[in-house]
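Reading through the structure tokens given below for one structure.
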Amino acid sequence: MKTYIFGHKNTDTDSMTSSIALSYLKNQLGEDTVPCTLDKINKESQFILDYFNLKTPMVLDNVKTQVKDSNYNKFEGLNPNSSILEAFNTMIKNNFRILPIVDNTNVLKGLITMKDIAMSLTDEKLYSKLNTSLENIKNTLDGEILIDGNKPSNGEIVIGAFYKDTLEKADKLNSETILIVGDRYDIIELAIANKVNTIVVTGGLTPPKDLLDDANNNNINVVRTPKDTYTTSQLVKQSNFISSIMKVNDIVSFREYSYLEDVKEMMKNHKHSNYPVVDKDNRYLGFINRSNILNPDKKKVILVDHNEYKQSVEGLEDADILEIIDHHKLGDISTSKPISFRNVPVGSTCTIVYGLYREYGIEIPREIAGVLISGILSDTLVLKSPTATKVDEVAIKELSKILDLDYEKYALEMFKAGTSIEGDSISSIVFRDFKEFSILDNKVGIGQIFTLDIDSVEKRKDEMIKYIENVCEEQEFKMILVVVTDILKNGSYIYFNESATPYIKAAYGQNAKLGTFIEDAVSRKKQFVPNVTDAFEALEK
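Sequential numbering from 67 applies to the sequence shown in my numbering.
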């Protein structure tokens with residue numbers, strides 16, 4: 067089973083690049099991992115992927131447990147033209163009580179249960195008629211085909227136990243007759259004259275050659291069986307196509323990508339013991355029952371650049387968390403068993419991942435060195451952020467040697483590509499790098515935009531503030547603070563909802579207002595989240 071590696075929601079560069087780099091490392095160590103993002107990547111991240119010629123990671127919507135994770139039962143289905151007896155024997159052999167009926171492309175056409183077969187044996191409509199193939203009759207009766215009339219065996223069953231005159235008067239022999247007869251050759255002759263559909267000769271007897279020739283000339287099916295007439299009459303109805311008794315309506319099935327939580331709800335409302343599993347094209351895959359969903363295989367995940375449920379993927383509670391690599395404060399994620407949890411106070415998750423390469427002695431190829439250095443440069447603002455450490459600086463210098471790269475010039479190109487807001491909606495600007503926090507039970511959101519084009523933000527200031535107010539009202543935020551960081555001036559402009567003004571003043575001084583520039587404040591983690599937390603504690607205690 068694959069392991070998914072991903073960062074936090076509103077994926078930033080460090081989240082994406084650390085996912086890619088860690089996945090490559092794990093795969094070199096023999097694991098099967100895939101790097102993911104939780105949403106569409108930003109412009110800066112796209113620049114990095116293009117620069118180093120890397121594929122965009124897959125977008126992971128959730129890690130909820132699905133039907134495909136449940137180890138459901140997989141066994142082959144039968145064709146609708148199989149016989150009832152074949153279905154019965156298949157069930158007995160494999161200890162099944164239900165079978166899927168599928169066409170030649172494995173599309174689910176219906177279901178049959180042991181109960182359906184039992185009920186069919188007393189169904190008057192099926193008792194006296196056949197709708198089947200000559201091959202089915204032969205197999206059901208352990209017989210031998212003497213004449214193949216190249217047509218299905220469809221018609222009413224007639225037992226040739228009467229005198230010829232009696233049958234002739236009864237006018238029961240016609241093109242829709244399945245005649246069961248022993249060595250009553252006069253009756254066989256009458257049947258051929260009336261061009262019956264099929265003749266089943268019992269007792270292992272062979273009709274005279276002239277009769278067989280006449281049957282062949284009239285395209286009449288002829289089967290010989292070693293069984294007696296009574297046994298044949300009882301068994302032959304089990305040669306009917308299984309399609310004649312299968313259930314085709316109101317079938318409750320589940321897609322392989324259905325979530326188990328939804329499956330459980332559906333099962334509460336239905337009393338079936340087994341349910342077919344199908345793909346998007348209704349092709350049969352297997353059967354799921356209540357026991358299959360008790361201990362499913364949970365999705366395996368590794369988290370990077372976060373360790374809080376609110377910042378992570380939907381359904382994380384259902385997943386099997388194998389490892390966490392982060393450089394933020396400890397969050398609320400818990401596990402049922404010990405895991406590898408590496409939390410280091412450095413400026414970037416990529417710095418930690420770089421250290422892992424060195425620990426394991428794995429060579430770093432150029433493209434991986436590229437994503438690693440990009441993540442560090444982005445999260446530390448080229449080592450200008452207060453979160454930057456000597457460890458980050460050493461990592462950048464070592465990665466620069468691998469790349470033969472002027473990292474400061476490259477960083478400027480990266481930031482320029484990533485900070486453009488031209489053509490962006492206000493919602494995408496506000497939520498570009500947005501994180502939600504709970505501070506003293508208050509819902510607080512802090513978004514951050516790094517830009518080299520402050521004028522473009524200023525022009526849309528009023529529109530952004532109005533949008534922030536609406537989001538606060540609709541989603542019940544106590545505060546939304548959008549931090550617009552000027553990379554060159556090494557400081558940030560702040561925008562927030564009006565009702566949050568007292569907290570902003572408590573955090574940044576009584577002169578703080580909409581659009582105020584906070585010097586030397588570039589780190590959400592060290593300079594905005596702590597200040598806002600202190601402000602709430604000061605005003606609400």
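Even glycine gets a Cβ: it sits at the ideal position worked out from N, Cα and C. Keep in mind it's a predicted model, so treat the numbers as computed, not measured.
Sequence-distant residues of its chain with Cβ nearer than 7 Å to residue i (five each side left out)
i: K592; result: P452 and T453
i: P292; result: D208 and G270
i: N93; result: T99
i: F12; result: Residue 12 lies beyond the range of the chain shown here (67 to 607); nothing can be said about it.
i: E374; result: G397, D398 and I399
i: K230; result: D252, I253 and L256
i: M185; result: none
i: Y423; result: L91 and I430
i: Q514; result: D499, V549, T551 and R590
i: N197; result: N220, N306, F307 and S310
i: R356; result: M333
Residue i: first and last residue of the uninterrupted alpha helix (DSSP H) it sits in
i: T485; result: Y473 to T485
i: K467; result: K456 to L469
i: V437; result: R432 to T446
i: G421; result: T415 to Y426
i: K230; result: K230 to A236
i: L91; result: T79 to Q94
i: F154; result: I150 to N160
i: Y533; result: K527 to Q541
Rounded straight-line distance, which links the Cα of residue j to that of residue i
i: G176; j: K238; result: 34 Å
i: D600; j: E585; result: 19 Å
i: G413; j: H393; result: 7 Å
i: N260; j: N155; result: 36 Å
i: K134; j: E142; result: 17 Å
i: D363; j: E97; result: 17 Å
i: S589; j: K450; result: 10 Å
i: K544; j: E502; result: 11 Å
i: K615; j: K475; result: With the chain represented from 67 up to 607, any question about residue 615 goes unanswered, as that position is not in the structure.
i: T188; j: K130; result: 46 Å
i: L277; j: S194; result: 26 Å
i: Y296; j: V302; result: 10 Å
i: V554; j: L447; result: Residue identity differs from the one stated: residue 554 is Leu in this sequence, not Val. Taking the straight line joining both Cα atoms gives about 10 Å.
i: V548; j: V437; result: 27 Å
i: V460; j: G352; result: 54 Å
i: G511; j: N536; result: 13 Å
i: G489; j: K525; result: 13 Å
i: T455; j: A435; result: 19 Å
i: E110; j: L469; result: 19 Å
i: H74; j: T103; result: 8 Å
i: T415; j: V379; result: 18 Å
Cβ neighbour criterion (16 or more within 10 Å) applied to residue i
i: S493; result: exposed
i: L95; result: exposed
i: K337; result: exposed
i: S504; result: exposed
i: R163; result: exposed
i: Y561; result: buried
i: D80; result: buried
i: T401; result: exposed
i: L233; result: buried
i: M124; result: exposed
i: E152; result: buried
Residues near residue i by beta carbon distance below 6 Å, same chain, minus five either side
i: D249; result: L271
i: T264; result: S219, I244 and N287
i: D609; result: Residue 609 cannot be examined here, being either before or after the span of the chain that is shown, 67 to 607.
i: V419; result: S84, A87 and L88
i: S406; result: E389
i: L443; result: A477
i: L369; result: I390
Endpoints, beta strand (DSSP E) assigned at residue i
i: I286; result: First-last for I286: undefined, no H or E at that position.
i: L196; result: K195 to T198
i: F583; result: F583 to E585
i: L174; result: L174 to T179
i: N508; result: N508 to T517
i: E389; result: D386 to D392
Beta-carbon proximity list for residue i, same chain, < 8 Å, skipping 5 on both sides
i: Y533; result: I492, S493 and V496
i: N172; result: G143, R349 and Y350
i: D169; result: N145, P146 and K175
i: K366; result: M67, K68, T69, Y70, A385, D386 and L388
Rounded Cβ spacing between residue i and residue j (contact assumed at less than 8 Å)
i: I213; j: N282; result: 5 Å
i: T517; j: D552; result: 7 Å
i: N76; j: G381; result: Not quite, the Cβ-Cβ distance comes to about 18 Å (not below 8 Å), so this is no contact.
i: R321; j: D345; result: 7 Å
i: N361; j: Y138; result: About 12 Å; that fails the 8 Å criterion.
i: I462; j: I439; result: 6 Å
i: L506; j: E606; result: 6 Å
Check: residue i C-beta below 6 Å from any heavy atom of the ligand MG
i: E331; result: With respect to small molecules bound, the structure shown includes none, and the ligand MG cannot be examined in it.
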